[in-house]
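Scroll down for the structure; my scribbles are underneath it.
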Amino acid sequence: MKIAARMPAVFLIGSCTYSCIELVWRGFTHWTMGLTGGTCFCILYNVYTRFERLSLFRKCAIGSAVITAAEFIVGCIVNLQLRWDVWDYSSLPFNLLGQICPLYTGLWFLLSLPIVGATHYLNRSLFSPKKRKRMLSWTHL
């Protein structure tokens, strides 16, 4: 299966997972966070599958950078321009416009660990041509 054909499923997984993480972490979420989570997971899925041989540390560093950049862009739009007040890090040290801060960049690094694992699992199991053949085979019924 070509990587572009996988993206709707990857987006949905990232969107739902991130929304659930926010519900557990903050007790609420916002629809823009579902879009952001899905987009980040698609980007990281593409990077991690293209550069499988990167070290785990580098993958997590890339994940942290991608999520922090997305959070900054989305935050500038939804929090600063539209004034929806989805989040505000202005009380945290070394924040940038209240949208990103080192604490959450570090948390995104840690969140990238299961993202690396999920990407590997999806790529090897769910989207594997061998897995699809076995699932479609009548001999296993």
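Under my numbering, the sequence shown has 23 at position 23, and the numbering climbs by one with no breaks.
Ideal Cβ positions, reconstructed from N, Cα and C, are used throughout, including at glycine.
Quick caveat, the model's predicted, so the values are computed rather than measured.
Annotation for C40: the continuous alpha helix (DSSP H) segment containing it runs W31 to R50.
C60 is a Cβ neighbour of F109, given a cutoff of 8 Å.
Taking the Cα of F11 as reference, the smallest distance to any Cα among G27, N46 and R26 is reached at N46.
Excluding residues up to 5 positions away in sequence, L56 and C60 lie with their Cβ nearer than 8 Å to the Cβ of L113 in the same chain. The three-state secondary structure of L92, taken from DSSP, is coil. Taking the C-beta atoms as reference points, I67 is found nearer than 8 Å to C40.
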